[in-house]
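Numbering of the sequence shown is given in this note's numbering, commencing with residue 1236 and proceeding in unit increments.
Cβ atoms here follow ideal geometry from the backbone N, Cα and C, with glycine treated the same way.
In what follows, a single structure is set out as structure tokens and then discussed.
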Amino acid sequence: MSIKTNLIGRLRNTSLPTSHALMPLFEAIVNSIHSIEECSEDMTEGRIAVEILRLQQINLDLNDQTETKEKIIGFKITDNGIGFNDNNMKSFETLDSDYKVDKGCRGIGRLLWLKAFNRVEINSSYLDTELKNRAFSFDAKYGVKKIDSSSPQKQRLTSVELQEFDDKFRLASPKTLETISNSILEHCLWYFVREGGAPEITIKDGNATIHLDDLYESYMHDSAQIDRINIGDNEFVITHIKFRASSAKNHVLSFCAANRLVKEEPLTNKIPGLHGKISDDKGDFVYSCYIGSQYLDKKVRSERIGFNIEENSIEGLFKGQDLSFKEIRKAIYPKIQEQLEDSLKANIEAGRERLFKFVAEKAPRYRPIINRMTEAELVVDSNISDNDLDLYLHKQLTALEREILKKGHSLLTPEHGEKPSEYISRIQEYLSDVSDMKKSDLADYLCHRKVVIDLFEKALEKDSSGKYVTEDIIHELIMPMGEDSNTAEPVDCNLWLLDERLSFHDYLASDKTLKSMPITGSTETKEPDICSLNYYDTPLLMSERDTAPLASIVVVEI
């Protein structure tokens, strides 16, 4: 099959989000690593040089000594690997080639080049009984096109120049030498961690150069630890890495395929105590977990920007052998917890203390649910704000209430074959749960009253100028103005500030005209502050006294 025949169609059907703007560069670098592996098992002999190509502009101000960074127009990757010999050239001209499939190659790396760059130029000197040279260009319009090259190199050397960086990818790409170098290291980290290491890789931007070996050493807090685990019928390799706290990274779980980083997700708060800084006897560090397996290699999408894996597994009749991300995490998290056990102890203790202190001093309404939370749920970030902690505990309370409600619906009927003693035990357990929830409701109600009373007392004080607040503020605390019992939310009404009995009414109006009240039949437009009607079988006036003849009515004017 000619590469030219289907190239444009394949490019159209190849996905590359702008968030992965450097993926073509990563692919070129990994190709160089593989090329070096083909001609030598000793990685220390390998050399890869990455040059950032920028638009050159002449600075006409001779007095201006500042160095400005122009926009990136491409990258040049040079290596001393095996080069574009006949086998590699044949593979390059074959779309979706399975050549080097054992290394996880999908044969579409060159397509990603043309998604972000308009043209690629390749010049390769390779050994074939003698040193030979091959040079060609590669673009969407002409495919592979031979070009004249300079005289062959005196040594084996291949350069891949990614040219004419597409604007939408260029704007989304990292732009400095430091950020580009960091991105390359993160993507190719496995090659540095593995036994045998990686070839020497340098990143050059003008006169500045970064050696990835040095960057790797500056990041590493400790040597990587390897773990293995079986999930279903699949073996997963877990690489535990501790980065120095100064590396500005976050705790992450990284899913890898074919020794490349594909998907990252945060680990913060997913493992009890794993938040903020964690420490060991060497100091503070940031944790990263890299996982790989043949299963992930098979499930990675061709563009290597995601996996064909469901978030949750399919239950029931149609459940297959495929793993979900949820199942993978469930197996991996305990391994992470085991690896970091000693480092997490201080955070776990501080998190528990933060939660218990908040409940004891500021939110006693949550006390009844603490004994029903798991050990993991009791651990929070010790630096969490009161608002966020309140929301977190409210979420736990709501979940327990929902569970109790579900239990209540199933409690009315004994289960098939259930003994009377078991049924009674189930009822007692349910009543115990309900009792705890009611304690929480009562504590919440008392806290609410305390806050309202404090606000009410504050509103009755004079301000710095010796004046009292307006009537409206007092009125709104008791009941929202312009509302009646059909529109006002019960939680907004604090009628108990005046009289507990006002809470029991058939109709209530606040700052509404007598004419608008359905209970009066009046045409008056006067507006009582609060009007309440309560009747039983026959209308009655309520009295403060027990003696029958002397009835009284309480009128409140704010």
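Check: Residues near T1313 by beta carbon distance below 6 Å, same chain, minus five either side; Outcome: A1284 and S1394
Check: Burial state of L1552 (16 or more Cβ within 10 Å); Outcome: The pLDDT assigned to L1552 is 40, lower than 50, so where the model puts this residue is not dependable, and the model offers no usable value.
Check: D1515, enclosing beta strand (DSSP E) - first and last residue; Outcome: I1513 to D1515
Check: L1743 versus S1720: straight-line alpha-carbon distance, rounded; Outcome: 5 Å
Check: Closest residue to R1607 among E1584, I1264, N1622 and E1636 (Cα-Cα distance); Outcome: E1636
Check: DSSP state of S1418 mapped onto helix, strand, coil; Outcome: helix
Check: Contacting residues, own chain, Cβ-Cβ under 8 Å from E1276 (five flanking each side not counted); Outcome: G1431
Check: Same chain, Cβ closer than 6 Å to P1753, neighbours up to 5 away in sequence not counted; Outcome: none
Check: For F1310, three-class secondary structure by DSSP; Outcome: strand
Check: Run of the beta strand (DSSP E) containing Y1525, from where it starts to where it stops; Outcome: G1518 to G1527
Check: Under the three-state DSSP convention, the category N1322 falls into; Outcome: helix
Check: Cβ-Cβ distance between P1259 and A1351 below 8 Å; Outcome: yes
Check: Assigned secondary structure, R1736 (DSSP; H/G/I helix, E/B strand, else coil); Outcome: helix
Check: Delimiting residues of the beta strand (DSSP E) encompassing N1368; Outcome: E1365 to D1374
Check: Reference I1605, options L1590, I1619 and N1618, closest by Cα; Outcome: L1590
Check: Y1589 (DSSP reduced to helix, strand or coil); Outcome: According to the sequence provided, residue 1589 is Arg. The question's Tyr does not apply to it. In the structure shown, R1589 sits in a helix (DSSP, three-state: H, G or I).
Check: Exposed unless 16 or more other CB atoms sit within 10 angstroms - verdict on S1611; Outcome: Before going further, note that residue 1611 is Ala rather than Ser in the sequence given. Result: exposed.
Check: Reduced DSSP secondary structure (H/G/I, E/B, other) of D1383; Outcome: coil
Check: Contained alpha helix (DSSP H) runs [length at least 4] in the segment 1698–1733, N- to C-terminal order; Outcome: 1706–1713
Check: Bridge-paired residues (DSSP) for V1535; Outcome: F1542
Check: Closest residue to N1465 among P1501, K1565, D1448 and L1626 (Cα-Cα distance); Outcome: K1565
Check: Proximal residues to G1508 (C-beta, below 7 Å), its chain only, five neighbours per side dropped; Outcome: L1579, N1582, I1583, G1586 and V1614
Check: Through-space distance from H1629 to F1404, alpha-carbon basis; Outcome: 43 Å
Check: Cα-Cα separation, C1274 to K1439; Outcome: 25 Å
Check: Beta-carbon proximity check, P1434 vs I1271, cutoff 8 Å; Outcome: yes
Check: CB of C1491 within 8 Å of CB of L1447, strictly; Outcome: no
Check: Of the residues G1344, V1487, S1514 and Q1398, the one placed nearest L1251, counting alpha carbons only; Outcome: G1344
Check: Test: S1267 CB closer than 8 Å to a CB of chain D; Outcome: Absent from the structure is chain D; it holds one protein chain and no more.
Check: With 16 other Cβ atoms within 10 Å as the buried cut-off, status of P1603; Outcome: buried
Check: Continuous alpha helix (DSSP H) assignments of at least 4 residues falling wholly in the segment 1423–1505; Outcome: 1424–1428 and 1447–1454
Check: S1267 - containing alpha helix (DSSP H), residue span; Outcome: M1258 to C1274
Check: Neighbour-count burial assignment, D1616, 16 or more Cβ in a 10 Å radius; Outcome: buried
Check: Coarse secondary structure for N1547, derived from DSSP in three states; Outcome: coil
Check: Bridge-paired residues (DSSP) for V1395; Outcome: I1312 and I1357
Check: Neighbourhood of G1244 by C-beta distance below 8 Å, restricted to the same chain and skipping five residues each side; Outcome: none
Check: Beta-carbon proximity check, F1261 vs I1513, cutoff 8 Å; Outcome: no
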